[in-house]
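Data first, discussion second: the structure below is written as structure tokens.
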Amino acid sequence: MYDAAHDIAILKAILYDFVPFIQSDIVFWQLSKPGPFLNRYPKLTVAGILFCVRKLTMVECEMEHKMQDEKNKLVERLCDHLSQWHANVERKALVETLGRLTSWEIYIDECLEDASDCSQHYLEEVYGRVYIHLLLDILGDTNEINEIRTRINKCDDNLYRMFNRGQFIWEKDLQIAFPPKEQWYLYGRPRITC
Numbered sequence: 611m612y613d614a615a616h617d618i619a620i621l622k623a624i625l626y627d628f629v630p631f632i633q634s635d636i637v638f639w640q641l642s643k644p645g646p647f648l649n650r651y652p653k654l655t656v657a658g659i660l661f662c663v664r665k666l667t668m669v670e671c672e673m674e675h676k677m678q679d680e681k682n683k684l685v686e687r688l689c690d691h692l693s694q695w696h697a698n699v700e701r702k703a704l705v706e707t708l709g710r711l712t713s714w715e716i717y718i719d720e721c722l723e724d725a726s727d728c729s730q731h732y733l734e735e736v737y738g739r740v741y742i743h744l745l746l747d748i749l750g751d752t753n754e755i756n757e758i759r760t761r762i763n764k765c766d767d768n769l770y771r772m773f774n775r776g777q778f779i780w781e782k783d784l785q786i787a788f789p790p791k792e793q794w795y796l797y798g799r800p801r802i803t804c
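In this text, residue positions in the sequence shown follow the working numbering: the first is 611, and each later residue adds one.
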């Protein structure tokens, strides 16, 4: 079951480090407040911010009124930061997109060579593809966007050829935030043999 309280705690840690992160050249920022020992927060990235906000704003879950108000204020504050620092956010998003896309391309190439290994690691690797999707909304019309989209389409075409459609692969609660029309690759997994 989706844990909104955990994402709210992550959002607080993100806001605490946002300005130094966005002013730096570091794309994968170690949070100053790393979270509980057995459930550490992920590194701070633009995609991670977008992923956290998307879940918090789209997933319906039961939470007390006070927690709902806190969530709304935190999301609003973060959206203000993203708007205020738009040029820096876009610059970081481009660097992150290119890095994540290169990793995704390597993974898809490896899938073409060894389908069983591909399927085994799909649940972890597909986060990269989701993050790329979220980052594209930030990038707008940069000079590199056409090349990026071409590379994404090539990966998607290769994945689609070896893909078995099926059930949503993450927690069912998250399905509303990641519909099949936009993120078809979350509804199934690669075949074990091509």
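All residues carry an ideal CB built from backbone N, CA and C; glycine is no exception.
Of all alpha-carbon atoms in 798, 701, 653 and 672, the one lying nearest the alpha-carbon of residue 770 is that of 798. In the DSSP assignment, residue 709 falls within the alpha helix (DSSP H) that extends over 696-723.
About 6 Å separates the Cβ atoms of residue 699 and residue 656, confirming a contact at the 8 Å cut-off. Contact check between the region 719-727 and the region 620-639: fewer than three CB pairs, one atom from each, fall below 8 Å, which does not count as touching. Annotation: the region 647-689 contains the following complete segments of the alpha helix (DSSP H) (minimum length 4 residues), in chain order: 656-668.
Between residue 687 and residue 787, the alpha-carbon positions lie close to 21 Å from each other. The DSSP-derived three-state label of residue 774 is strand. With at least 16 other beta carbons inside 10 angstroms of its own, residue 728 counts as buried. Residue range 797-800 is occupied by the beta strand (DSSP E) that includes residue 798, with no alpha helix (DSSP H) assigned at that position. Taking C-beta separations shorter than 7 Å and ignoring five residues to either side along the sequence, the partners of residue 611 in its chain run 781 and 783, following chain order. Taking all protein chains in view, the Cβ of residue 739 is crowded by 16 or more other Cβ atoms within 10 Å, so the residue is classified as buried. The beta carbons of residue 716 and residue 659 sit no closer together than 8 Å. Taken in chain order, the complete beta strand (DSSP E) segments of 3 residues or longer contained in the region 726-781 are 773-778.
A distance below 8 Å between beta-carbons, with the five flanking residues on each side excluded, links residue 747 to the following residues of its chain, in chain order: 660. For the pair residue 681 and residue 614, the CB atoms are nearer than the 8 Å cut-off.
If you ignore the 5 residues before and after residue 642, its C-beta comes within less than 8 Å of the C-beta of 623, 626 and 627, all in its own chain and listed in chain order.
Within the same chain, and ignoring the five residues on either side of residue 706 in sequence, the residues whose Cβ sits closer than 7 Å to its Cβ are 637, 655, 656, 657 and 745.
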